[in-house]
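Since the structure comes first, as structure tokens, the remarks are kept for the end.
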Amino acid sequence: IKTQQILMDIDANLYPRQDIKRLGIAPLTSMFWYAENNRHQIRDWRPEIHDNDGLTMWTGAGERIWRPLNNPSSVMTNSFADTNPKGFGLLQRDRAFYHYEDDGVFYDRRPSVWIEPTGEWGEGAIQLLEIPTDDEIHDNIVIYWLPKEPVKAGSEWHYAYRLHWVATEPYPSETVARVSHTRLGNAGIPGQPRPKGGRKFVIDFEGGPLNEIAKLDKVKPVVSTSKGRIDNEYALQVVGTKNWRAAFDLYVEGNEPVNLRLFLKLGDRTLTETWLYQYLPFTYD
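According to this note's numbering, the residues represented by the sequence shown are -6 to 278, in order.
Okay, here's the thing in structure tokens:
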């Protein structure tokens, strides 16, 4: 898909005959093997292999969120609570052929899919399942909407939504920049001893208000972590572009997943969408 857009309108009435513990509404599946953020896991000649590289969410409160996908060593389930979401989906943001070098199946042309709820869906959560895979032939990514209210036998449910099969995003933000790249490396400063247990995160942003920001403006990264310690955080304009880059080091012990959150601000103004990431601690070979 390059410039085409395919729309599908879904209108579903559900009448469960028995209690359903987990009812997934508007489900999507996809494949994510590896990308810039987990290249260390794979021994393949192609730089990246995935149908989609991130989960995007436009919350009921108006926040824009980008969550890069993972290929974990065990099944991981993450829930993102929301009320009346404006939309969510699985996107393929990276459209550069040379990032894949696959002229057989053309991963750079894989469609993005955006789910646009019709009406109010109430309270619930967007749930993301990431399943381990060691090959590109397996769909290992699942997302859906999970209502908060229990689904009981004899109840009635109605959901309507529109599926957008597109190359980009049907409703890109006009007020915040978007994440373009997520990269990981060793923590510390070149030329100095590298502390153990550290990982460097580098996140690039593009578009939106960043086109108006000068390189000497005091743009600040706002970073938080569920565990561990953040150090050496900064933001700077990428030389020769209007894009901005945020970076920080994370020091954490153990192998438990770490949830990270970051966005850029200038004074009281939020400049970017929110980058969410679940870091699965690893060591380089």
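Positions of the beta carbon are idealized from the N, C-alpha and C atoms, including for glycine.
Check                                                                                                               : Outcome
Exposure of Glu113, with buried meaning 16 or more beta-carbon neighbours within 10 Å                               : exposed
The segment 90 to 100 in contact with the segment 119 to 127 per 3-pair CB rule at 8 Å                              : no
Identity of the residue in Val195, Lys235 and Pro165 nearest Leu209 by Cα                                           : Lys235
Residue(s) in a DSSP beta bridge with Asn6                                                                          : His151
Where the beta strand (DSSP E) through Asp224 begins and ends                                                       : Arg222 to Gln230
Three-state secondary structure (DSSP) of Gly55                                                                     : coil
Bridge-paired residues (DSSP) for Phe99                                                                             : Answer by DSSP bridge pairing: none, since Phe99 is not bridged.
Coil, strand or helix - Gly178 by DSSP                                                                              : strand
Where Phe90 falls, given that 16 or more other Cβ within 10 Å makes a residue buried                                : exposed
Nearest-angstrom Cβ-Cβ length linking Glu249 and Phe256, presumed shorter than 8 Å                                  : Not really, about 24 Å apart at Cβ, beyond 8 Å.
From Asn71, Pro186 and Ser148, residue whose alpha carbon lies closest to that of Tyr137                            : Asn71
Inter-residue Cα distance where the pair is Pro204 and Ala170                                                       : Residue identity differs from the one stated: residue 204 is Asn in this sequence, not Pro. Approximately 9 Å, taken between the alpha carbons.
Distance, Gln(-2) Cα to Tyr154 Cα                                                                                   : 16 Å
Cβ-Cβ separation, Met69 to Asn77 (assumed contact under 8 Å), whole Å                                               : Asn77 to Met69, Cβ: 26 Å. No contact.
CA-to-CA distance, His157 to Pro163, given in whole angstroms                                                       : 7 Å
Endpoints, the beta strand (DSSP E) within which Lys213 is located                                                  : Val212 to Thr218
C-alpha gap between Leu139 and Gly260, whole angstroms                                                              : 36 Å
Boundaries of the beta strand (DSSP E) in which Arg254 is found, first to last residue                              : Val251 to Leu259
Through-space distance from Arg254 to Val216, alpha-carbon basis                                                    : 6 Å
Nonlocal neighbours in the same chain, by C-beta distance under 7 Å from Arg176, ignoring five residues either side : Glu29, Asn30 and Val195
Within 8 Å, strictly: CB atoms of Phe275 and His33                                                                  : yes
Residue burial classification, Leu174 (beta-carbon count within 10 angstroms, cutoff 16)                            : Looking at the sequence itself, residue 174 is His, so the reference to Leu does not match. Buried.
Three-state class that DSSP yields for Phe90 in the structure shown                                                 : helix
Simplified DSSP state of Gln85, which is helix, strand or coil                                                      : coil
Euclidean distance between Cα positions of Val106 and Val135                                                        : 12 Å
Between the CA atoms of Arg15 and Asp87 - distance to the nearest angstrom                                          : 32 Å
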